[in-house]
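Residue numbers (my numbering): 7 to 740.
Built from N, CA and C at the ideal position, the CB exists for glycine as well.
All values derive from a computational prediction rather than experimental measurement.
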């Protein structure tokens, strides 16, 4: 749902780009690819609606150099999820390259050449990188292979049909002739691009699905040569930090910067609409200068409520009907006639993204009135336009150098390009040198963007046979789409689709369903967070399902399976996880199991969590079995890592994390008060993948939604107490 709606917004945020072109890189390099007109294919057995290419066209995706290296230009940001390796694998497979010769490089910002075909702009998110690049990169690899073969056939005067390619070597057995890709690249670049290409039979894959492939970034990230945005050092570069209001919505009223200017290393202090910028020779001096500022803030339009007051306001809204997100049958009537009814209220806190590399970017003005930016850029298509707007130039005058990012979880993909706008605004005000804007950890946790605070109220009932007959759900929370260019397409009739996804379209067979949504407003800045709306809707749904299973007197796995007969892929992962976790066998004394199953981003995931409790009823997650159906698995180790990471992410935040406000000011400051998951918290995670030749789907986010509810359901099994308030510490569980 999110993918299709974002795509509709493309016309309003599309970036002007150079005209379509073929590219021949220097040094005899061969550059190929597929410039894809957006095409939506109707939903079929392969999965959700997708976009793909119509014909191959030369372009900048594959670069084969004379030294026999093959570099794949990756249009997506790799922020740790392994997409550089995944996309290179697709090309290498169709090219029949040797994995040792493969390289990866971030593509330049160019919305026409490198648009995400599910968004319509260049950007990374929604676990779309593999599924939207699948066709274009297979096409690029297959076209490159065909052009290399054609070159060899001409050079050796032999039929192309007699030529084979294996591990980066082109061979003709009858004449015993062979050549490396590098030896053929210069002439191959002159070959006409084939009008059509033939993809390999999945049965013959040697790289896709191969568990032995190392990640392309493992050496550079081990020896320190991988460049992150924090590593950028331009000649004459200065560092800037911003003093922002401690309350969301606050603005600068007055500034006394005398003491700040006396701090050693401070170069300048500039008051801007976005805050007070302290510019210095290094980060420490900038931070010390900011601390020395005396700023009076205008909080007249700021958020001044505390968390408890906000929740109370949400409860008042939940007492009333909201905008209709889903309406099927007559839920009220069905509940009135139900044999048993279960009611619950769920509260989900604000959550920070807190990537290990805080937000930062370097901006340098250029002589043509534009600028050059170095950043872990996730939404190049937005950021080019935002930077151009700040400078009053054309988007193509903004060059973005995308670098490795130390995490994001959604934070680097903002609809308004916030931190890029800040960096460019400061560079415009201080044009004397390249400006490196740095957010500190405290800046991010106390004044960043959060997964919104949400409150759910659910009333559901079962009949005498134990089947769900009615489900009524009210969801209250902020929209991070409201007030942005995405609002006209993603907020319809008062309903933000990202706030209700996973609830309004739940897969379980429920004949009478009502889902309402109350869109609340606050100056507190919010944003998509790893797995977006599924972070809370999956939890409420799956915890409620366990309570209904108990009311019906049924086993939680069997209860779910009975309602998933029309969803074979969800049913498949549920059965696989239950089998691998040995659900039907009794556990040792003191161990308890819980289950959850959920679909998100086109992938299907089931979790079975096994926990123990200490004498104070505190949870220790011992083991989690995960089953995933994500279509064709490109890199099994990457899928495994993402399921492990997503599971840890979901459980870690549920254990103790929350962002709370007192009089509008965030209480947490750093990792001492907003604790990341500890190694001691991390359970053993077993990952099982469903073999498939269907189109690959996302894995970066789908491992998150089911992790926490599976743990909560294990606790419910152990104690009979359902955990309705997150984090678990708030519910008395930890």
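Between which two residues does the alpha helix (DSSP H) holding residue i run?
i: residue 139; result: 135 to 162
i: residue 229; result: 224 to 229
i: residue 686; result: Where residue 686 is concerned, there is no enclosing alpha helix (DSSP H), given that its DSSP letter is neither H nor E.
i: residue 89; result: 89 to 101
i: residue 725; result: 713 to 725
i: residue 647; result: 642 to 662
i: residue 296; result: 289 to 297
i: residue 391; result: 386 to 397
What residue range is occupied by the uninterrupted beta strand (DSSP E) comprising residue i?
i: residue 695; result: 690 to 695
i: residue 462; result: 460 to 468
i: residue 409; result: No beta strand (DSSP E) holds residue 409; DSSP gives it neither H nor E.
i: residue 336; result: Run containing residue 336: none; DSSP gives neither H nor E here.
i: residue 610; result: 609 to 619
i: residue 606; result: 597 to 606
i: residue 319; result: Premise fails: residue 319 lies in the alpha helix (DSSP H), 313 to 324, not in any beta strand (DSSP E).
i: residue 370; result: 366 to 371
i: residue 80; result: 76 to 80
i: residue 628; result: 625 to 635
i: residue 304; result: 300 to 304
Anyone know if the C-beta pair for residue i and residue j falls short of 8 Å?
i: residue 615; j: residue 662; result: no
i: residue 617; j: residue 631; result: no
i: residue 436; j: residue 274; result: yes
i: residue 388; j: residue 364; result: no
i: residue 258; j: residue 281; result: yes
i: residue 641; j: residue 91; result: yes
i: residue 473; j: residue 347; result: no
i: residue 668; j: residue 713; result: no
i: residue 611; j: residue 508; result: no
i: residue 377; j: residue 433; result: yes
i: residue 285; j: residue 244; result: yes
i: residue 70; j: residue 191; result: yes
i: residue 520; j: residue 337; result: yes
i: residue 582; j: residue 694; result: yes
i: residue 212; j: residue 706; result: no
i: residue 232; j: residue 105; result: no
i: residue 722; j: residue 716; result: no
i: residue 357; j: residue 625; result: no
i: residue 221; j: residue 382; result: no
i: residue 691; j: residue 650; result: yes
i: residue 319; j: residue 253; result: no
With residue i and residue j assumed to form a contact (beta carbons below 8 Å), what rounded beta-carbon distance in angstroms separates them?
i: residue 461; j: residue 489; result: Wrong, their Cβ atoms sit about 21 Å apart, outside the cutoff.
i: residue 562; j: residue 309; result: Rounded, the Cβ-Cβ distance is 40 Å, inconsistent with contact.
i: residue 440; j: residue 242; result: 7 Å
i: residue 532; j: residue 458; result: 4 Å
i: residue 332; j: residue 510; result: 4 Å
i: residue 111; j: residue 83; result: In fact, because the Cβ distance is near 13 Å, the residues do not count as touching under 8 Å.
i: residue 107; j: residue 174; result: 5 Å
Considering only C-alpha positions, which residue in the set the options is nearest to residue i?
i: residue 137; options: 379, 720 and 704; result: 704
i: residue 184; options: 164, 200, 367 and 199; result: 164
i: residue 156; options: 176, 172 and 144; result: 176
i: residue 550; options: 78, 588, 494 and 600; result: 600
i: residue 290; options: 246, 303 and 306; result: 246
i: residue 288; options: 269, 300 and 303; result: 269
i: residue 368; options: 360, 408, 330 and 357; result: 408
i: residue 475; options: 266, 84, 144 and 343; result: 343
i: residue 417; options: 578, 534, 707 and 657; result: 534
i: residue 480; options: 499, 525 and 146; result: 525
i: residue 293; options: 267, 596 and 340; result: 267
i: residue 219; options: 74, 394 and 98; result: 98
i: residue 688; options: 671, 664 and 629; result: 629
i: residue 366; options: 635, 446 and 397; result: 446
i: residue 621; options: 725, 455 and 477; result: 725
i: residue 300; options: 279, 318, 329 and 264; result: 264
i: residue 149; options: 196, 648 and 305; result: 196
i: residue 655; options: 361, 72, 68 and 512; result: 361
i: residue 570; options: 215, 248, 77 and 513; result: 513
i: residue 438; options: 107, 372, 681 and 120; result: 372
Taking only beta-carbon positions, decide if residue i is within less than 8 Å of chain D.
i: residue 274; result: Of the protein chains in this structure there is only one, and it is not chain D.
Within the stretch 504 to 582, ranges of the beta strand (DSSP E) (whole runs, at least 3 residues): Segments of the beta strand (DSSP E) lying fully in the stretch 504 to 582: 519 to 526.
Could I get the ranges of all uninterrupted beta strand (DSSP E) runs contained in the stretch 414 to 494, with 3 residues as the minimum, in chain order? Runs found: 441 to 444, 460 to 468 and 474 to 484.
Write down every uninterrupted run of the beta strand (DSSP E) in the stretch 234 to 274 whose length is 3 residues or greater and which is fully enclosed by it, in chain order. DSSP assignment within the stretch 234 to 274 yields the following whole beta strand (DSSP E) runs of 3 residues or more, N-terminal first: 244 to 249 and 257 to 262.
Would you list, in sequence order, the uninterrupted beta strand (DSSP E) runs of no fewer than 3 residues that lie entirely inside the stretch 160 to 223? Restricted to the stretch 160 to 223, the beta strand (DSSP E) segments that are unbroken, complete and at least 3 residues in length are 169 to 172, 175 to 178 and 183 to 186, listed in chain order.
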